[in-house]
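The block underneath contains the structure these notes are about, expressed in structure tokens.
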Amino acid sequence: MTLLVRGPLSELLDFVRRDRLSGAGAILLATLVLLCLFGPWLPLGDPEEIGIGPRLSVPASGWLLGTDELGRSVLPRIVDGLRSTFLLAGTAVVLTGLFGTLIGLVAAYAGGFVDMTIMRLVDILFAFPPLLLGILIAAALGPGGTSAILAIALITLPLFVRVVRAVALSVAARSYVIAAEVSGAGFLRVILVHLLPNVLGAVIIQLTYALSIGMLVESELSFLGLGVQPPDASLGSLLRLGSVYLTIAPWLVFPAGLLLATAILSVNLLGDGLRDMIDPLRGRPLR
């Protein structure tokens, strides 16, 4: 008789099979990530090659999504822009996850003055309108990818800290944490051994939502000319350049906008599925 051992991966696959919306989101996201990874090796053309075709040409066999104002093929530029958007937003969200988790755990477990100070600083960050904060950072550091990463990290950090702190507060009051304290466990050991593993579910879910917010912020900054700079491209910068020719060359705008919307939708659907799997009582009915 074969003994089947079910792990977290098999449970995740079963849930995706039962939840078609989350499954569709996972498939879409995986497809876009693979496109970003292997795009440079696909026969799409050079995203920076000028004069590959007539300026502002309609989609044709040599340039499937048309050409831009410099005669560059739009298709490889969109793939390159998607990779830049994913890379900048993903890097910022990883930083947010590392620092936000640590700050939230420290605030929840330390309590008192430390908790109050951290949360007031978080409230100050949370009070800034996201786009205004991004503009201020770009104005201070100059436009570019570094400014976009820092802006995304600071914009997504306050909500991340709040979520981690809220979950950690409930965990810190449990009996096994109190028993660890009585047995002499230090501050760092309690946080890393007893609190961190129990907030990882909330962290993973919040990371997916932070990624979708990060892609929106990066696109907004690049659309304003404060993010990725030419000749590099991101979905936001492609939308900005294409908006000038919207009435005569709509193929410069609609594919990039549709791809950005699809990427954000896929991340949100996957996040909803992960939330439903971790906390089924709060989730939507399975489809």
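Counting in this note's numbering, the sequence shown runs from 1370 upward without gaps.
The beta-carbon is built from N, C-alpha and C at its ideal position, and this holds for glycine as well.
Taking C-beta atoms as the reference points, Ala-1625 and Leu-1604 count as a pair closer than 8 angstroms. Uninterrupted alpha helix (DSSP H) stretches at least 4 residues long and entirely within the stretch 1404-1492 occur at 1443-1479, given in chain order. Per DSSP, Phe-1529 is one residue of the alpha helix (DSSP H) stretching across 1514-1541. Annotated three-state conformation of Gly-1626 is helix, per DSSP. DSSP places Phe-1592 inside the alpha helix (DSSP H), whose first and last residues are 1565-1592. By alpha-carbon distance to Leu-1561, the top candidate from Val-1462, Leu-1471, Ile-1547, Ile-1396 is Leu-1471. Ile-1617 carries a coil assignment under DSSP once its states are collapsed to helix, strand and coil. The residues Ile-1421, Gly-1422, Pro-1423, Arg-1424, Leu-1425, Ser-1426, Ser-1442, Val-1443, in chain order, have a CB closer than 8 angstroms to that of Thr-1436 in the same chain once the five nearest residues on each side in sequence are set aside.
Setting aside the 5 residues that flank it on each side, Trp-1432 is surrounded in the same chain by Gly-1414, Ile-1421, Gly-1422, Ser-1426, Ser-1442, Val-1443, Leu-1444, each with a C-beta closer than 8 angstroms to its C-beta; the list follows chain order.
DSSP places Leu-1557 within a helical segment (H, G or I) once states are collapsed to three. In the three-state reduction of the DSSP assignment, Gly-1511 falls in the coil class. The straight-line gap separating the alpha-carbon atoms of Leu-1610 and Gln-1598 is approximately 12 angstroms. For Val-1597, no alpha helix (DSSP H) encloses it, and the DSSP letter there is neither H nor E. Contact annotation: the stretch 1480-1496 touches the stretch 1523-1541, with at least three C-beta pairs closer than 8 angstroms.
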